[in-house]
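J.:
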Amino acid sequence: MRLALIAHDEKKPDLIEFAEERKDDLEQFELMATGTTGQRLIDATGLDIERKQSGPLGGDMQIGAEIASETCDGVIFLRDPLTAQPHEPDITALLRICDVHQTPLATNLASADAVLDELVDQLAGKE
1 MRLALIAHDE
11 KKPDLIEFAE
21 ERKDDLEQFE
31 LMATGTTGQR
41 LIDATGLDIE
51 RKQSGPLGGD
61 MQIGAEIASE
71 TCDGVIFLRD
81 PLTAQPHEPD
91 ITALLRICDV
101 HQTPLATNLA
111 SADAVLDELV
121 DQLAGKE
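Each residue of the sequence shown is one higher than the one before, counting from 1 in UniProt numbering.
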């Protein structure tokens, strides 16, 4: 199973902490992330992560393409709801494609735990 990890700048520390706490679970997945987020996660956790472009340079759209191709099984996208993002149309498109393809999407830490728990359970059921 493939899982995408994305975080706006103000949420990157939260995603890193989440990944450190849930590293054993995350290691069960093929991980992908937008550019800077992916590098920071690799540096902090040592997880094997395929890096896409940074979000403003098209990384959100690259992950959206993975969802549309049904090669992404879930998205954890810690969004900063208090800061305007210059690539907001790309973010909206990514959220929409998750809805269209019924792809689990977490946008905060509480839902990230829930989505990851569900995907881990699905993996366990496949063994």
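All C-beta atoms, glycine included, are put in the ideal place defined by N, C-alpha and C. For clarity, every value in this text was computed on a predicted model and none was experimentally measured.
Indicate whether D113 and R2 have their beta-carbon atoms separated by less than 9 Å.
T.: In this structure, R2 does not lie closer than 9 Å to D113 by Cβ.
J.: What residues are listed by DSSP as bridge partners for A33?
T.: For A33, which the question treats as bridged, DSSP gives the partners L5 and R51.
J.: For R96, which option in L26, I67 and I49 has the closest C-alpha, if you only look at C-alpha atoms?
T.: The shortest Cα separation from R96 among L26, I67 and I49 belongs to I67.
J.: DSSP three-state call for G74: helix, strand or coil?
T.: Here G74 sits in strand by DSSP.
J.: Which ranges does the alpha helix (DSSP H) cover as unbroken runs of at least 4 residues, wholly within the segment 81-121, from first to last along the chain?
T.: 88-100, all fully within the segment 81-121.
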